[in-house]
Each structure stands twice: as structure tokens, then as C-alpha cells.
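First the structure, in the form of C-alpha cells, and then the observations on it.
Numbering (the working numbering), first residue to last: 8 to 139.
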């Protein structure tokens, strides 16, 4: 921690003398450094409390999130988009940075006869996954 460096910092060259006050002067300097470090720490804690006191609650979602299907995905691309919109507008961070993408996460698997559920839509806040 930074305050430990302040307290444990060596005294300037030439401060180590055989005079009787050398030890008390060194102790006073160490105490002054410690007091400054504690004051800085108290200021940081007080500043953090002030910032927390002025936080606003997250915004209300602009859409109602649809229910997920039994398989854990959404039944249509529209449902996945609405879920993204509901999540994205209910968070300040997501509202500013989220660009919604929805895709069907069903992939055909060789050797598996015609599956009955081919709609397993999911959403993401970016297109980093690439095209299907």
C-alpha cells in the first residue's frame, strides 16, 4: 500500500547524527508521514461514500422479457430480440454499449434424425460470434 511506503521511507541523507534529538526528530517525521497517509486514506473512503450516495437507480426496461421455451432458448427471433431489449434498457452500461443480435442456435447434427425442436434462439450484445 502507498501509505506503508510513506511510513517506511528512509530518512534523508545526513539526518542520522549522534545528536540527542536525532531519534525524536526521526520519530516525529515518521509520525507526520503516518498522519498524512491516514488522512489521505480517510479522504478516499469519504469520497467513495459520497459517490455511492449520489448513484441513481437503473432505468426501467423498455420492454417486457418474454418467457423462455422449455429447452432454455427463445421460440422465435422476435422473442430473443425483445429479451435483449428488456435487458439492454434496464442497465445503464448495457444501454450505452449493447447492440442486440439474435440467432437460432440450432445446428444440424449428423446421424440424428429430424429433430422436433429446431427453434432455439439466443441473443447477444455484439456480433463477435460471427455468422452462422
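All C-beta atoms, glycine included, are put in the ideal place defined by N, C-alpha and C.
- Rounded to the nearest whole angstrom, the CA to CA distance from residue 114 to residue 84 is 15 Å.
- Residue 88 and residue 110 have their C-alpha atoms roughly 9 Å apart.
- According to the DSSP assignment, residue 96 belongs to no beta strand (DSSP E) but to the alpha helix (DSSP H) extending over 84-96.
- With contacts defined as CB atoms closer than 8 Å, residue 112 and residue 128 qualify as a contacting pair.
- Distance from residue 69 to residue 96 at the Cβ level is roughly 4 Å; contact confirmed, criterion being Cβ atoms closer than 8 Å.
- In the DSSP assignment, residue 102 falls within the alpha helix (DSSP H) that extends over 99-104.
- Residue state for residue 110 is assigned as strand, using DSSP reduced to three classes.
- Residue 126: not part of any beta strand (DSSP E); DSSP gives it neither H nor E.
- Between residue 78 and residue 121, the CB-CB gap reaches or exceeds 8 Å.
- Residue 134 and residue 40 have their C-alpha atoms spaced approximately 52 Å apart.
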